[in-house]
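K.L.:
The sequence shown begins at 28 in our numbering and counts up one residue at a time. Just so it is clear, CB atoms sit at the ideal spot from N, CA and C, and this is done for glycine as well. Got a structure for you, written out below as structure tokens; questions coming shortly.
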Amino acid sequence: MKRSLLILLVLALALFAAPYYLSASLLNAAIQMLIAVLFATAFNVLAGQGGMLSFGHSAYFAIGTFATIHAMNAVEGMGLLPTPLLPLIGALGGCLLGLVAGWFSTQRSGVYFSMITLALAELLHALAPHLKDVFGGEGGVSAMRMPAWGFDFGDSIQVYYMTLAWVLLAVALLFYFTRTPLGRLCNGLRENTNRLRFLGYNVHTLRVLVFTVSATFTGLAGGLQALNNEAANYVLFDMTLSTQAVLNSYIGGIGSFFGPAMGAAVMSFFGYAVSDMTRSWLLYQGIIFVLVMMFLPAGLFSIVQWWHRGRERHSMATRFAFLLGWLAGILVAGAGVVFGVELLERILGQDYQARLGAGGDWPAVTVFGQDWLPGAATTWLLPVALILIGTAITVGLTRKWHAINEE
């Protein structure tokens, strides 16, 4: 427990020091990462803790964003509240919509619940363009951050620290919520609702309460998004945002509290770093999701749990050696996948297809600064060999690890 608290303290200090070692663009990416962390953590309270998988959680994020934007424009543009407190309006918007939508959605469970949440989100997405007074139509709604409490909030550093303070507070409150009696009952909703009914609990009321808590903190994340971008568009209601929350949560590990936060942080920076390098970055994100679900179904956070569980049976040197070996195997296989994807992306591109002559030789393709002939067997043997070698390393180490544990 003490070691975990120490790790969290070090992480918090690193986040507080971020503006001193990050560039302006990376600092903006860090703000988006923090918002994604809060969104994924709030989503996890509903899906991971309560066992209710929502496909339309972007609705509460969007409502929180628009509510905050309108609060920023209230009172002749001076703001309904001081700028640092405006995310509370987003939380209130998410809470009210979550209370209404949750009452309807939680009438059913399982896949029916998921479909209802999807339908409600799509309904708002369809209505938003027509409600121009509220959502601004194609142009959206914009606002400006006003000075408050001695800060002008004119640069990214002040916005970053305001976002960080809200995210740390909100995550702490959500963690405390999971330790309350209602939070403990979330596990019962996920595992066995019939037993809760037998014990005398109103399952529908419990589901509505958990849904509302999740929507409230999702709206808070939307409020932070409004303060960061100073604008909002009805595109926020699109399914893309909901899908991103689901992917981030499952990649990080929906079975643990901090797993979705880890997944959101990793995938946010992954998208920022890779999107400027290749047009196929969404494909890589999909590949990562598929591989994690197949070979690491508990998510990336299970690596941290594996490390802690192995303390009693294996030395740190042994665990570290296996971890480095697995990482090396994954990197080698990943290099093969990246090479193959980039090669195919260039070959199938319109520019390259236009260069192909009728029945002529295929021109060379430049990948990673080198020219490769698509018609040469060695060009395709390289990615295949890298994938096979990386897979062999990873599988061999996994079998050896299981053998050591059996002994």
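One question on the structure: do residue 125 and residue 205 come within less than 8 Å of each other, judged by their Cβ atoms?
P.N.:
No, Cβ-Cβ distance for residue 125 and residue 205 is not below 8 Å.
K.L.:
Judging by CA-CA distance, which residue of 419, 185 and 367 is the nearest neighbour of residue 405?
P.N.:
Among 419, 185 and 367, the Cα nearest to that of residue 405 is on 367.
K.L.:
Using the DSSP secondary-structure output, state which residues sit across from residue 169 in a beta bridge.
P.N.:
Its beta-bridge partners are 258.
K.L.:
What does the alpha-carbon distance come out to for the pair residue 258 and residue 143?
P.N.:
Roughly 29 Å separates the two Cα atoms.
K.L.:
Which residue wins for smallest C-alpha separation from residue 312, given the options 132, 251 and 296?
P.N.:
Among 132, 251 and 296, the Cα nearest to that of residue 312 belongs to 296.
K.L.:
Please report how far the alpha carbon of residue 78 lies from the alpha carbon of residue 290, in whole angstroms.
P.N.:
Each residue's Cα considered, the two are about 18 Å apart.
K.L.:
Would you tell me roughly how many angstroms separate the C-alpha atoms of residue 424 and residue 288, rounded to the nearest one?
P.N.:
The straight-line gap from Cα to Cα measures roughly 28 Å.
K.L.:
Relative to the C-alpha of residue 261, which residue among 47, 60 and 93 is closest?
P.N.:
For the residues 47, 60 and 93, the minimum Cα distance to residue 261 belongs to 93.
K.L.:
How long is the line joining the alpha carbons of residue 103 and residue 96, rounded to whole angstroms?
P.N.:
In a straight line, the C-alpha of residue 103 is about 13 Å away from that of residue 96.
K.L.:
Which residues in the same chain as residue 51 place their Cβ atom closer than 8 Å to its Cβ, once the five residues preceding and following it in sequence are excluded?
P.N.:
Here the set comprises 183.
K.L.:
Measuring CB to CB, does residue 314 end up less than 8 Å from residue 363?
P.N.:
Against a cut-off of 8 Å, the Cβ pair of residue 363 and residue 314 comes out as no contact.
K.L.:
The alpha helix (DSSP H) with residue 332 in it runs from where to where?
P.N.:
Segment 328–336, the alpha helix (DSSP H) holding residue 332.
K.L.:
Per the DSSP calculation, residue 175 is bridged to which residue(s)?
P.N.:
Answer is 178.
K.L.:
Quick one: is residue 208 buried, meaning 16 or more other Cβ sit within 10 Å of its Cβ, or exposed?
P.N.:
Exposed is the call here.
K.L.:
Going straight from the alpha carbon of residue 347 to that of residue 340, what length do you get?
P.N.:
Their backbone Cα atoms lie some 13 Å apart in a straight line.
K.L.:
With C-beta atoms as the reference, is residue 237 less than 8 Å away from residue 72?
P.N.:
Cβ atoms of residue 237 and residue 72: closer than 8 Å.
K.L.:
Suppose contacts are defined by Cβ-Cβ distances below 8 Å. Is residue 282 in contact with residue 121 by that definition?
P.N.:
Against a cut-off of 8 Å, the Cβ pair of residue 121 and residue 282 comes out as no contact.
K.L.:
Just the Cα atoms here: how many angstroms apart are residue 157 and residue 89?
P.N.:
The straight-line gap from Cα to Cα measures roughly 16 Å.
K.L.:
Scan the stretch 286–371 and note each continuous alpha helix (DSSP H) run of 4 residues or more that stays entirely inside, going in chain order.
P.N.:
List check, alpha helix (DSSP H) in window: 286–302, 308–322 and 328–336.
K.L.:
Using only CA atoms, which one of 110, 146 and 118 lies nearest to residue 174?
P.N.:
Minimum Cα distance to residue 174 is reached at 110.
K.L.:
For residue 353 and chain C, any beta-carbon pair shorter than 8 Å?
P.N.:
The displayed structure is made up of one protein chain only, and chain C is not part of it.
K.L.:
Going straight from the alpha carbon of residue 342 to that of residue 354, what length do you get?
P.N.:
Taking the straight line from one Cα to the other gives about 18 Å.
K.L.:
DSSP on residue 134, reduced to helix/strand/coil?
P.N.:
Residue state, collapsed to three classes: coil.
K.L.:
Taking only runs of the alpha helix (DSSP H) that begin and end inside the stretch 368–429, which ones reach a length of at least 4 residues, in chain order?
P.N.:
Those alpha helix (DSSP H) runs which fall completely within the stretch 368–429 and span 4+ residues are 377–382.
K.L.:
How many Å lie between residue 320 and residue 119 at the Cα?
P.N.:
Roughly 35 Å separates the two Cα atoms.
K.L.:
Would you say the stretch 55–63 touches the stretch 183–192, given that touching needs at least three Cβ pairs under 8 Å?
P.N.:
With the cut-off at 8 Å, the stretch 55–63 and the stretch 183–192 touch.
K.L.:
Smallest Cα separation from residue 7: which of 155, 137, 326 and 270?
P.N.:
Nothing about residue 7 can be reported from this structure: the residues present for the chain run from 28 to 434 only.
K.L.:
For the candidate residues 407, 431, 349 and 306, whose alpha-carbon lies nearest to that of residue 435?
P.N.:
Summary: the structure shown does not reach residue 435, with the chain confined to residues 28 through 434, and so no result is reported for it.
K.L.:
If you draw a straight line from the alpha carbon of residue 245 to that of residue 194, how long is it in whole angstroms?
P.N.:
C-alpha separation (whole angstroms): 11 Å.
K.L.:
Going by CA-CA distance only, name the one from 210, 139, 39 and 146 that's closest to residue 75.
P.N.:
Considering only alpha carbons, the answer is 210.
K.L.:
DSSP state of residue 215, grouped into three classes?
P.N.:
It is helical.
K.L.:
Within a Cβ cutoff of 6 Å, which residues of the same chain sit near residue 330, ignoring the five residues on either side of it in sequence?
P.N.:
So no residue of the chain qualifies.
K.L.:
When we look at the beta-carbon of residue 165 and count the other beta-carbons within 10 Å, is it buried (16 or more) or exposed?
P.N.:
That one is exposed.
K.L.:
Out of 146, 99, 178 and 139, which has the shortest C-alpha to C-alpha gap to residue 115?
P.N.:
Selected option, being the one with the closest Cα: 99.
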